[in-house]
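S.K.: Questions regarding the structure given below will be posed in turn.
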Amino acid sequence: MKFVVDYSGNVNFGGLYSSKINIFIMRVFVCCSIFLLFFAACKQDQKTKGPETGLTSDPPKAEVRFRCESSGEDENGNPQTQVFLVVNDQSIKVADVSSCEEILKEDYPKYQIPANALGACGGWWAGAGDYFYAVEIKDLIVVMQGWQDESQEDEGFHYQQISTVPIQ
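Going by the working numbering, the first residue of the sequence shown is number 279, and it counts up by one from there.
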């Protein structure tokens, strides 16, 4: 291909001047930019998943927390505590355990509690512990209970669903 540079600085590539080539390149660049912006805008919103539950990270539809209330001691002198799930100021008794206190979000991984849990509590007494957390699935609050024992042969907290509460 033969090209010629004239005195004005334009380059002639076989009859096409550089200004025409520049306009063509600009049009291609603008079209590609518009296409990329359109593609990025149409991309579906990716929601984060909880590690074990597959739940989305949408904001909760209800205010959820646990409340632990001491109910004294049993006949052997062991502490007794009632665990309540509080959903929008409505308390629901979930369990009776020996020890209970709130578990902070930064401690969730230590207790194998999903990051998207709405609240958690639990406690350890005399070689065993009971743990609870609540998650939202669709229009339900699902309560999970787990346990650990110092003499258990396996690892983990053995979480199982114990209750569901509809969100009102």
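Here a beta-carbon is modelled for each residue, glycine too, at the ideal position from N, C-alpha and C.
For Lys-437, tell me which candidate among Lys-416, Glu-347, Gly-407 and Ile-445 has the shortest Cα-Cα distance.
M.R.: Here residue 437 corresponds to residue number 159 of the sequence shown, with the count starting at 1. Going by the sequence as given, residue 437 is Tyr instead of Lys. Ranking the options by Cα distance to Tyr-437, first place goes to Gly-407.
S.K.: Closest by CA to Gly-405, which one among Tyr-411, Ala-340, Ser-377 and Ser-348?
M.R.: The residue you call residue 405 lines up with position 127 of the sequence shown. Residue Ser-377 is the option with its Cα nearest to Gly-405.
S.K.: What would DSSP say about Pro-387, mapped onto helix, strand or coil?
M.R.: Taking the first residue of the sequence shown as position 1, residue 387 is located at position 109. It is helical.
S.K.: Mind checking which residues open and close the beta strand (DSSP E) that includes Ile-440?
M.R.: Here residue 440 refers to the residue found at position 162 of the sequence shown. Element bounds for Ile-440: 438 to 444.
S.K.: Given Val-365, which residues of its chain have a CB within under 8 Å of its CB, disregarding the five upstream and five downstream residues?
M.R.: Taking the first residue of the sequence shown as 1, we reach residue 365 at position 87. Excluding positions up to five away in sequence, the list reads Ala-340, Glu-341, Val-342, Ile-419, Val-443 and Ile-445.
S.K.: Which complete beta strand (DSSP E) runs does the segment 355 to 387 hold, if anything under 3 residues is left out?
M.R.: 357 to 365 and 368 to 375
S.K.: DSSP on Ser-429, reduced to helix/strand/coil?
M.R.: For this step, residue 429 is matched to residue 151 along the sequence shown. In the structure shown, Ser-429 sits in coil (DSSP, three-state: anything other than H, G, I, E or B).
S.K.: Pick out whichever of Val-421, Gln-368, Trp-403 and Glu-433 has its Cα sitting closest to the Cα of Gly-355.
M.R.: Translated into positions along the sequence shown, residue 355 becomes position 77. Nearest C-alpha to Gly-355: Trp-403.
S.K.: If you reduce the DSSP assignment to three classes, tell me which class Gly-434 lands in.
M.R.: Reading the sequence shown from its first residue, position 156 is the one you call residue 434. The answer is coil: DSSP assigns Gly-434 none of H, G, I, E or B.
S.K.: So if DSSP puts Ala-412 in a beta bridge, which residue, or which two residues, is it bridged to?
M.R.: Start at 1 with the first residue of the sequence shown, and residue 412 comes out as number 134. Paired residues: Gly-397 and Val-421.
S.K.: Check the DSSP bridge columns for Ala-406 and list the partner residues they point to.
M.R.: Position 128 of the sequence shown, counted from the start, is the residue given in the question as residue 406. Answer is Trp-403 and Asp-427.
S.K.: Which whole-angstrom value describes the C-beta separation of Tyr-389 and Phe-435, a residue pair presumed to lie in contact below a C-beta threshold of 8 Å?
M.R.: Walking along the sequence shown from the start, residue 389 turns up at place 111. Walking along the sequence shown from the start, residue 435 turns up at place 157. Right, the Cβ-Cβ distance comes to about 6 Å (below 8 Å), so this counts as a contact.
S.K.: For Ser-348, list the residues DSSP reports as bridge partners.
M.R.: Position 70 of the sequence shown, counted from the first residue, corresponds to residue 348. Answer by DSSP bridge pairing, in chain order: Thr-359.
S.K.: Pull up the CB-CB distance for Val-372 and Pro-392, whole angstroms please, since I reckon it's below 8 Å.
M.R.: As a first step, residue 372 is located in the sequence shown; it is residue number 94 there, counting from the start. As a first step, residue 392 is located in the sequence shown; it is residue number 114 there, counting from the start. The pair is not a contact, with the Cβ atoms about 18 Å apart (cut-off 8 Å).
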